[in-house]
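J.:
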Amino acid sequence: MGAHNLVAQCRTVLLLVHELHLGGHQRLRAVPAMEPSGKHWQCAIAPVSLVSQDHGARLAADVRDDSRIATYTSRDQNRYFAWTDIYPYATPKELAMHFVERFPEVVEAGRGPDWPYAGWYMEMLRLTCPDQFPYAAAKWKVPDTHLPTASPTHHRPMRIALPPPGEASARRASPPAPRDSTYPSSRRAPLDAMRRLTG
8 MGAHNLVAQC RTVLLLVHEL HLGGHQRLRA VPAMEPSGKH WQCAIAPVSL VSQDHGARLA
68 ADVRDDSRIA TYTSRDQNRY FAWTDIYPYA TPKELAMHFV ERFPEVVEAG RGPDWPYAGW
128 YMEMLRLTCP DQFPYAAAKW KVPDTHLPTA SPTHHRPMRI ALPPPGEASA RRASPPAPRD
188 STYPSSRRAP LDAMRRLTG
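Its first residue numbered 8, the sequence shown is counted upward by one per residue in the working numbering.
And the structure:
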């Protein structure tokens with residue numbers, strides 16, 4: 008998969024969340040992570056009620072199997088959320104319409120205003136444009152003070168301020184459940200992790 012396609016697909020998912028915010032579902036959050044293999048970026052979409060009070064971009068403990076979480080992984084490329092019947096070049100707005108139809112429980116749980124998060128999200132989109140992708144969890148140690156970014160291009164990683172805290176009980180936070188159980192043998196720089204996708 009080329010870097011251009013990877014960037015477009017992952018960016019589409021981030022913009023999909025923004026479209027959901029525009030549709031009145033600002034209480035939905037993006038929970039980004041690197042899969043344990045280090046080869047794929049993933050982004051869970053979940054209501055703020057499942058996001059940790061300790062970290063605004065991580066799920067609270069013991070919610071990984073909650074039906075109000077929908078997860079995209081870059082391993083699926085443009086088969087968003089493993090959908091096989093959607094036009095592969097659908098716009099974020101078009102995907103948001105399908106998301107509302109196919110994940111009604113997720114969408115209903117995210118209905119309502121959350122202006123501090125929606126404002127933070129728009130700024131994150133601006134800062135990471137066009138090809139940086141934040142993540143809050145990975146096999147390697149991820150700082151608790153900011154969101155690092157990964158990119159399939161040669162751009163240096165960035166530091167993004169944390170979003171406002173979530174509403175779930177302030178216990179140990181956890182990343183979205185990975186679909187890959189193969190861990191790298193050593194810590195890898197996040198920039199290298201996404202570059203391997205295009206090799």
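Idealized CB from N, CA, C, for every residue including glycine.
My assumption, with CB atoms under 8 Å, is that D151 sits in contact with R34. Please give the rounded CB distance.
T.: For the purposes of this step, residue 151 is identified with residue 144 of the sequence shown, where counting begins at 1. For the purposes of this step, residue 34 is identified with residue 27 of the sequence shown, where counting begins at 1. Contact check for D151 and R34: beta-carbon distance about 23 Å, past the 8 Å limit, so the pair fails to qualify.
J.: On a CA-only basis, which of G126, A37 and Q49 is nearest V55? Give me that one, please.
T.: Counted from its first residue, the sequence shown places residue 55 at position 48. Nearest C-alpha to V55: A37.
J.: Count the C-beta pairs between the stretch 24 to 31 and the stretch 95 to 109 that are closer than 8 Å, then say yes if the count reaches three, no if not.
T.: yes
J.: Would a C-beta distance cut-off of 8 Å place E130 and Q60 closer than the cut-off?
T.: The residue given as residue 130 occupies position 123 in the sequence shown. The residue given as residue 60 occupies position 53 in the sequence shown. No, the pair does not count as a contact, with Cβ atoms beyond the cut-off.
J.: In whole angstroms, what is the alpha-carbon distance linking V14 and L134?
T.: On the sequence shown, position 7 is the one that residue 14 refers to. On the sequence shown, position 127 is the one that residue 134 refers to. So the two alpha carbons sit approximately 15 Å from each other.
J.: Compare the beta carbon distance of A64 and L154 with 8 Å and say whether it is the shorter of the two.
T.: For the purposes of this step, residue 64 is identified with residue 57 of the sequence shown, where counting begins at 1. For the purposes of this step, residue 154 is identified with residue 147 of the sequence shown, where counting begins at 1. Yes, the Cβ-Cβ distance between A64 and L154 is below 8 Å.
J.: Using only the alpha-carbon positions, how far apart do E108 and P172 sit?
T.: What you label residue 108 is simply residue 101 of the sequence shown in a count that begins at 1. What you label residue 172 is simply residue 165 of the sequence shown in a count that begins at 1. So the two alpha carbons sit approximately 28 Å from each other.
J.: When the Cα of C50 is compared with those of A68, D69 and Q84, which residue comes out closest?
T.: Within the sequence shown, residue 50 is the residue found at index 43, counting from 1. Measuring from the Cα of C50, the nearest candidate turns out to be Q84.
J.: Taking the Cβ atom as the reference point for each residue, do A40 and A144 lie within a distance shorter than 8 Å?
T.: For the purposes of this step, residue 40 is identified with residue 33 of the sequence shown, where counting begins at 1. For the purposes of this step, residue 144 is identified with residue 137 of the sequence shown, where counting begins at 1. Yes. Within cutoff.
J.: Can you tell me which of the three DSSP states Y87 falls into?
T.: Residue 87 sits at position 80 when you count from the first residue of the sequence shown. Helix.
J.: Indicate whether at least one CB of chain C lies closer than 8 Å to the CB of H25.
T.: You won't find chain C in this structure, because it holds only one protein chain.
J.: DSSP three-state call for Q60: helix, strand or coil?
T.: Taking the first residue of the sequence shown as 1, we reach residue 60 at position 53. Here Q60 sits in coil by DSSP.
J.: Assign Q16 to one of three DSSP states: helix, strand, or coil.
T.: Within the sequence shown, residue 16 is the residue found at index 9, counting from 1. Helix, per DSSP.
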